[in-house]
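> Going down the list, the sequences are from chains A and B. Be aware that the first sequence starts at 6, since it is given in the working numbering, and climbs by one per residue. Be aware that the second sequence starts at -7, since it is given in the working numbering, and climbs by one per residue. Quick one: structure below, then a few questions.
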Amino acid sequence: MRPILMKGHERPLTYLKYNRDGDLLFSCAKDHTPNVWFADNGERLGTYRGHNGAVWTCDVSRDSTRLITGSADQTAKLWDVKTGTQLFSFNFKSPARAVEFAVGDKLAVITTDPFMGETSAIHVKSIAGDLNDQTSESVIVIKGPQGRITRAVWGPLNKTILSVGEDATVRIWDTETGKLLKESDKETGHQKSITSLSKSMDGTHFITGSLDKSAKLWDIRTLTVIKTYVTTAPVNAVAMSPLLDHVVLGGGQDAVNVTMTDHRAGKFEAKFYDKILEQEIGGVKGHFGPINALAFNPDGKSFSSGGEDGYVRLHHFDPDYFNIKI
Amino acid sequence: MADVISMEQIIAKAESLGIDFSTMDLNSIHIPPGEDFGIVSDDEDLRREEEAMEFDEGFGNIIVVDNLPVVPKDKFEKLEGVVKKIYSQIGVIKEDGVWMPVDPDTQKTLGYCFIEYNTPQEAELAKEKTHGYRLDKSHIFAVNMFDDIEKFMKVPDQWAPPESKPYTPGENLHHWLADEKARDQFVIRAATDTEVYWNDARQLKPDTVYKRAFWTESFVQWSPLGTYLATIHRQGAAVWGGATTFNRLMRYAHPQVKLIDFSPGERFLVTYSSHEPSNPRDTHRVVINIFDVRTGKLMRDFKGSADDFAAGGTGGVTGVSWPVFRWGGGKEDKYFARLGKNVISVYETETFTLIDKKSIKVDHVVDFCWSPTDPIFALFVPELGGGNQPARVSLVQIPSKDELRQKNLFSVSDCKMYWQSKGEYLAVKVDRYTKTKKSTYTGFELFRIKERDIPIEVLELENKNDKIIAFAWEPKGHRFAVIHGDNPRPDISFYSMRSGTNTGRVSKLTTLKGKQANALYWSPTGRFIILAGLKGLNGQLEFYDVDELDTMATAEHFMATDVEWDPTGRYVATSVTSVHEMENGFNIWSFHGKLLYRILRDHFFQYLWRPRPPTLLTPEKEEEVAKNLKKYSKKYEAEDQDVSLQLSEQDREKRRVLKEEWERWLNQWNSFVEAEKLERQKLRDGEESDEEEEYEAKEVEVEEVIDVKEEVILVD
C-alpha cells in the first residue's frame, strides 16, 4: 500500500471528512483554507478561501452541495461545494470548533470555545434551503461544561446532541430543551481530555479518543462503554472502518516534546485494532509528527490521515488487508 | 498527614453538606479495607504508636537542665541570661522557652530549668553537647530530655519479672517458595501503587498477589533472602512478609529515614537519615541505627556530622556513600565495617563493638571491599608522595587482622575491586598512567583467594588504550566479561580463570567486535549473559551463551533503563523507569531472549524480583540433576503442554464470548435503525432509504435538435 502524499496545507492538519459518496475528501488545517480533493487519486479540486484563522472541523451535506466549517476566527461558514463561494457566515464571540449537519441537513450544531469571559457553548442553527431565508439566529444555545468542547455530534433522529471535551466527559443533551440527559461514568470513562469522536455509519455507536492513551467505543443511547482500546501514546484522532470490524487510532506525543526524543519514540503511527477483540492488528507509519485527523472512505477501501507535519496521506488498502485474520 | 478529626468538625461538615447527622448510623458505613482516606484512625494500638512517633507536638523538644546554681531573686536574671546564652548557640529556643522555677518560700531558684526548642533534633543535640558541661567547679550540668524524666519517674522501685507473652504461631514466611508452579514473585511501584505479582510466564501474564496504594513513602526493598519487603515511612522503616498476605511483621522507629540496608543474612537492618543543621554553617547531622530485624531491637546507633561518615575521609565530598557499613563474613552477619579517615573500623555483631576495641589503622586508605563469603576484605591505598610510595592492594583477614597478601602497584591513578560471588577470585581493575602521565591505560590484577599463597596474575588487554566500560564475574563461575573500547561500538571479551587443562592460568575465550552495549548482566546461574545497551543506546539486548560462545537472540526494549534476572535465571525483566515519560513499563523475557509479555504503566519507578535463599541441594545433587535433566524435565514439559492447550482453549472461549456480545449489540442497533427508518425518511424529506442501493442506474435517451437547415437541392 503506497500512500498518496497530499501537500496542500502549510500548517498542521486538524480534520478530514469524506462526503457520503466517498469521491471527495475535505481537509481542514491550521492554515486558513480548507481544501477539497479527489478521494481516488488525491488530486486537489479546489479551496475555500475566506476564513481568517485556523479551521478546526467541517461537515458536508448529504447531497454534497454544502460545506460548513468552524474556525478560530470566531465564525462558522457555509460554502458552496462546487464553486467554493462563501454562502453565509455565522459570527460568534469566541472561536468556533466543532460543526455537524443534522440528519436532513436542516440543522447544524456549532460549538464555541471559552474565550475572553465567554464560556463554551453549543449552538444549534437552522440551515435554510433557500439562502435568502438564512438567518444567524440560534434555535437553541446550550451552556454547561467547563473547558473546551472538542466535538459535538447529533444523536439518533436529531433528538439529542453529544458533546465531548477537555473535561474527559461525554454528555448527551436534549435538542429541544437543552437539558443534560446523561453523563459518562467517571470510573469507566476517559481520564483525560477527549480529543476526537467519530460516529458509526448508522449512528448507533461512536468511538472517542483521549489523551489518556486510550480510545473507547460507546453505545450512543445508553453511553455504555462497550470496548476500550489501549495504546502507548495520547490519541488525537479515531475512525471506524465501515466495512470491517476495525478501528484506527492516531496520535503521538505532544508536538512540544517531539524534538526531544527519538523519532521512534514519537509513535506517529496510525494503529489498527480489532473492533471486537480490542487487539492491535498493525500500524501505518509515515507521518513526521503526531496524527491529528483520520477518516475512512465510506466504502471502507481506503483511509486518509492528516498530521501535524501538514501532510494528508491517502492510503488505498492492499487486497491482503481484507483477509487479515487474528 | 491529616489530624484526628473531632466530632464537632464532623457534625459541622455534615451540616454544610446538608446531611442530617442525627439520622445517620455511623456503623453502617463501611470503608474499604486498607483504605483510611488519609484520616488517622483512633484505634488504641495505632494511636499509641503515633504518639511515640510524633515529636513535634509532644514534649520531645524540651530538655531539663539540672545542677544549676541556686540563686536568690536578685541574681535570677543574670543566671537566666547565662543559660540562654549557652543554649541559644545550639539551636533556636522557642519564645518564652526557658522556664526556671522558683521556690515560693525562699524565693530562690531550685537549681534546674526547662528549655524548649523548636525541634526535637535541636533538643537532642543540646542534650548531647551540654551534658556534663562545667559551669564552674561545683556545677556540672546534667541534661535530660523531658520525656526521659517522665519515663525514669515511672520506673518502679521493685523489679518485677516481665510478663512472658503466650506464643502465637506466626505465618510461615518461606511459604512463597513452595509455590506449586515454582513461580517467582516481583514487586513493582508505579504512580502511588505498590504491587506484588507472581510471574506467571506460562500464562504469559503477571498474577496479582497483593496491591496497596501509598504503601511506602519513598521506595521498597526486598531483604537479601527474600523473606521481607521493607517500606520507608516518615517515622521509620517497616518490614512485611508472607506469601500472599503481606502482613506487617515489624517496624523500626527512625524519624525521616532516607536509606536502608539489610545485612546479607537478613539478621540486621541498617537505617540512615540526615538532618538539616540548625546552623547553616554546620554540616548535616547523620543518624544511623542498626536494628535486629526479628525483634525490632535497636542494637547500636551512630550519630555524627556528615563529614564523619563521608567515605574515604577524602573531604570536600558532602555526600555519604551508601551503604556506610559494609557487611562481611558471608551470610552469618558476623562483621560489619566502615571506612574512616586513615582507619577501617570493623565491628562484630556479637557485642556491636569494635574488634579488639580499636579500628584498623591504614594510612590514606580510600576503599575496601569484603569478600562475599569469607571474613576477608581487600583494601586499596593510593600512591603517595608523588610516586615515592607505591599504591597498594591488601587482603586482610578478620578477626585476626592479619594481612594475607599484599601487592604494590606503581603509577596508579585509580583502582576498583570486583569479587567473584563465591569469594574464589578477586579482580582488581587498575588504571595506570602512561609514561607521559597524560593518559591512562587499564590492566587487571587477578587474585586466586582459595589457592595456596594466593597467586596473583596480571592481565592486560590486547589493545592497551581501550577504556573499560564494564566488568562482571560469572556468578559462581570462573569466567568474566569485559566491555572495552574507545568508540561508540566497543568490543566485549570473555576470559576464563582456567585454560584448557591448566587451572592456574587465565585465558581468553573470545572477543565480540563492535557491540552496542554498555552493561553486562550474567544470569545468576552463570553460562548466559545479556549484553545490554541501556539509556543512550536505546535498549539493545543481546542474549549470549558463553558455553557455546554463541548469540541466542538479539532484541530491543526501546529506552530500557534496567535489566534484572529473576533469582533462578529463567526469566529476565527489562524495565523503563520514569527517568523519562515515554514507554514506562516492563518486559519479561525468557533466558534465551523470547519476549513473553509486556506491561505498560505510567510513572513506573521500581521493578524488583523477590530474591530466593540459596539452594538446599548439595553440589553433588545439583550435578546429578543436571546430568539426568531429561528425566526431570519430562514432568514440566507435560505441564507446559497442558497449559498451552488450556490457554488456546481459553482464548477461543473468550473470543466466542466477545463475538456473541458484539452480535447482541449489533442486533439491538439494527432494530433501532429499522424502527426509526420512517422518521428518518421524514427528516430527509422522504428520501428513500439510508442504503447505497438508492442509486439506480437508469438509461435515459435524450434527443436534442442541434440545428435545422433548409437547403434547396437542385435535381436535374
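The beta-carbon is built from N, C-alpha and C at its ideal position, and this holds for glycine as well.
With 8 Å set as the bound, which would you pick, yes or no: does the beta-carbon of Arg710(B) sit closer than that to a beta-carbon of chain A?
For residue 710(B) there is no data in the structure shown, the boundaries of chain B being -7 and 708.
> I want to verify the contact list: residues of chain B whose CB lies under 9 Å from the CB of Gln258(A), in sequence order.
Reading the first sequence from its first residue, position 253 is the one you call residue 258(A). The answer, in chain order, is Glu573, Met574.
> How many angstroms separate the CA atom of Trp168(B) from the CA atom of Thr236(B)?
For the purposes of this step, residue 168(B) is identified with residue 176 of the second sequence, where counting begins at 1. For the purposes of this step, residue 236(B) is identified with residue 244 of the second sequence, where counting begins at 1. So the alpha carbons of these two residues sit roughly 8 Å apart.
> Are Ala298(A) and Thr19(A) touching if we call contact CB-CB under 8 Å?
The count along the first sequence starts at 1 and reaches residue 298(A) at position 293. The count along the first sequence starts at 1 and reaches residue 19(A) at position 14. A contact, by the Cβ cut-off of 8 Å.
> Would a check of beta-carbon distances place Val709(B) closer than 8 Å to chain A?
Residue 709(B) is absent from the structure shown; chain B starts at -7 and stops at 708.
> Taking 7 Å as the limit between beta carbons, can you name the residues of its chain near Arg67(A), skipping five residues before and five after?
Counting from one through the first sequence, the residue named residue 67(A) turns up at place 62. Only Arg25, Asp110 meet the Cβ criterion.
> Where Met641(B) and Lys173(B) are concerned, what is the direct C-alpha to C-alpha distance, given to the nearest angstrom?
Counting from 1 along the second sequence, the entry for residue 641(B) is found at position 649. Counting from 1 along the second sequence, the entry for residue 173(B) is found at position 181. According to the sequence displayed, residue 641(B) carries Glu and not Met. The alpha-carbon atoms of Glu641(B) and Lys173(B) are separated by roughly 20 Å.
> With a threshold of 8 Å on Cβ separation, who are the neighbours of Asp28(A) within its own chain once the five nearest residues in sequence on each side are excluded?
Residue mapping note: residue 28(A) aligns to position 23 of the first sequence, counting from 1. So the list reads Phe43, Ala44, Asp45, once near-sequence residues are dropped.
> Does any CB atom of chain B fall closer than 8 Å to the CB of Asp118(A)?
Counting from 1 along the first sequence, the entry for residue 118(A) is found at position 113. Answer no: the Cβ-Cβ gap between Asp118(A) and chain B never drops below 8 Å.
> Closest to Pro119(A) by CA distance: which of Lys22(A), Val41(A), Lys232(A), Ile154(A) is it?
Position 114 of the first sequence, counting from 1, holds the residue named residue 119(A). Looking at the Cα atoms, Ile154(A) is the closest of the given residues.
> Can you tell me which of the three DSSP states Ala220(A) falls into?
Within the first sequence, the letter at position 215 stands for residue 220(A). Of the three classes helix, strand and coil, the one that applies to Ala220(A) here is strand, per DSSP.
> Assign Val707(B) to buried or exposed, taking buried as 16 or more other Cβ atoms, counted over all protein chains shown, within 10 Å of its Cβ.
One-based indexing of the second sequence puts residue 707(B) at position 715. Answer is exposed; the Cβ neighbour count stays below 16.
> Within the region 461 to 485 of chain B, note down every full beta strand (DSSP E) run reaching 3 residues or more, in order along the chain.
Within the region 461 to 485 of chain B, the complete beta strand (DSSP E) runs of at least 3 residues are 471 to 476.
> Starting from Lys276(A), trace the beta strand (DSSP E) both ways and give me its first and last residue.
Counting from one through the first sequence, the residue named residue 276(A) turns up at place 271. Lys276(A) -> beta strand (DSSP E) spans 275 to 279.
> Which stretch, first to last residue, makes up the alpha helix (DSSP H) that contains Glu641(B)?
For this step, residue 641(B) is matched to residue 649 along the second sequence. 621 to 667 is the span of the alpha helix (DSSP H), which, as asked, contains Glu641(B).
> Just the Cα atoms here: how many angstroms apart are Lys146(A) and Ile127(A)?
For the purposes of this step, residue 146(A) is identified with residue 141 of the first sequence, where counting begins at 1. For the purposes of this step, residue 127(A) is identified with residue 122 of the first sequence, where counting begins at 1. Here residue 146(A) is Val; the residue named in the question, Lys, does not match the sequence. Going by the C-alpha atoms only, they are around 6 Å apart.
> Can you name the residues of chain B whose CB is closer than 7 Å to the CB of Ile281(A)?
By 1-based counting over the first sequence, the position of residue 281(A) is 276. Result: Leu650, Lys651, Trp654.
> Could you work out which residue in Asp304(A), Met11(A), Ser310(A), Lys280(A) is closest to Val289(A) when comparing CA atoms only?
Counting from 1 along the first sequence, the entry for residue 289(A) is found at position 284. Closest by alpha carbon: Ser310(A).
> Quick one: give me the first and last residue of the beta strand (DSSP E) that Phe254(B) is part of.
Walking along the second sequence from the start, residue 254(B) turns up at place 262. Where Phe254(B) is concerned, the enclosing beta strand (DSSP E) stretches over 251 to 254.
> Which residues, in order along the region 82 to 115 of chain A, keep a beta-carbon less than 7 Å from a beta-carbon of chain B?
Going along the region 82 to 115 of chain A in chain order, one finds Val108, Gly109 with a Cβ nearer than 7 Å to chain B.
> Verify whether the separation of the beta carbon atoms of Val404(B) and Pro447(B) is less than 8 Å.
On the second sequence, residue 404(B) is found 412 positions in, with the first residue counted as 1. On the second sequence, residue 447(B) is found 455 positions in, with the first residue counted as 1. Their beta carbons are not under 8 Å apart, which means Val404(B) does not touch Pro447(B) by this criterion.
> Are the region 187 to 206 of chain B and the region 122 to 129 of chain B touching, with three or more C-beta to C-beta distances below 8 Å?
These segments do not touch.
> According to DSSP, Arg49(A) sits in a beta bridge with which residue or residues?
Counting from 1 along the first sequence, the entry for residue 49(A) is found at position 44. DSSP lists Trp42(A) as partners of Arg49(A).
> Which first and last residues belong to the beta strand (DSSP E) in which Ile331(A) is found?
What you label residue 331(A) is simply residue 326 of the first sequence in a count that begins at 1. Per DSSP, Ile331(A) belongs to no beta strand (DSSP E) and is neither H nor E.
> Name, please, each residue of chain B whose Cβ falls closer than 7 Å to the Cβ of Thr209(A).
Within the first sequence, the letter at position 204 stands for residue 209(A). Here the neighbours are Trp661, Phe664, Val665.
> Can you give the Cα-Cα distance for Arg226(A) and Thr165(A), rounded to whole angstroms?
By 1-based counting over the first sequence, the position of residue 226(A) is 221. By 1-based counting over the first sequence, the position of residue 165(A) is 160. Roughly 9 Å between the two C-alpha positions.
> Is the region 248 to 262 of chain B close to the region 181 to 197 of chain B, with three or more CB pairs under 8 Å?
The answer is no - the region 181 to 197 of chain B does not touch the region 248 to 262 of chain B, with fewer than three Cβ pairs under 8 Å.
> List the endpoints of the continuous beta strand (DSSP E) containing Thr200(B).
Start at 1 with the first residue of the second sequence, and residue 200(B) comes out as number 208. Note, Thr200(B): beta strand (DSSP E), 197 to 205.
> May I have the straight-line CA-CA distance separating Met409(B) from Arg424(B), to the nearest angstrom?
The residue given as residue 409(B) occupies position 417 in the second sequence. The residue given as residue 424(B) occupies position 432 in the second sequence. One C-alpha to the other measures close to 15 Å.
> Counting pairs of Cβ atoms below 8 Å between the region 493 to 500 of chain B and the region 381 to 395 of chain B, do you hit three or more?
Judged by Cβ distances under 8 Å, the region 493 to 500 of chain B makes no contact with the region 381 to 395 of chain B, as fewer than three pairs qualify.
> Can you pull out the residues from the region 162 to 192 of chain A whose beta carbon lies closer than 9 Å to at least one beta carbon of chain B?
Against chain B - using a Cβ distance shorter than 9 Å - the residues of the region 162 to 192 of chain A are Leu162, Asn163.
> Below 9 Å on C-beta distance, what does Ile231(A) contact in chain B?
Translated into the one-based positions of the first sequence, residue 231(A) becomes position 226. Going along chain B in sequence order, the residues near Ile231(A) (Cβ under 9 Å) are Glu653, Trp654, Trp657.
> Keeping to the same chain, check which residues put their C-beta closer than 7 Å to that of Phe95(A); ignore five residues upstream and five downstream.
Residue numbering aside, residue 95(A) sits at position 90 when the first sequence is read from its first letter. Contacts found: Thr80, Ala81, Ile115, Lys130, Ser141.
> With a 10 Å radius around its C-beta and 16 neighbouring C-beta atoms as the bar for buried, classify Met121(A) as buried or exposed.
Position 116 of the first sequence, counting from 1, holds the residue named residue 121(A). When all chains shown are included, Met121(A) counts as exposed.
> Counting Cβ pairs closer than 8 Å, one from the region 166 to 184 of chain A and one from the region 193 to 213 of chain A, do we hit at least three?
With a cut-off of 8 Å, the region 193 to 213 of chain A and the region 166 to 184 of chain A count as touching, because enough Cβ pairs lie within range.
> Kindly say whether Glu668(B), judged by its beta-carbon, lies nearer than 8 Å to any beta-carbon of chain A.
Position 676 of the second sequence, counted from the first residue, corresponds to residue 668(B). Yes, Glu668(B) counts as interfacial toward chain A.
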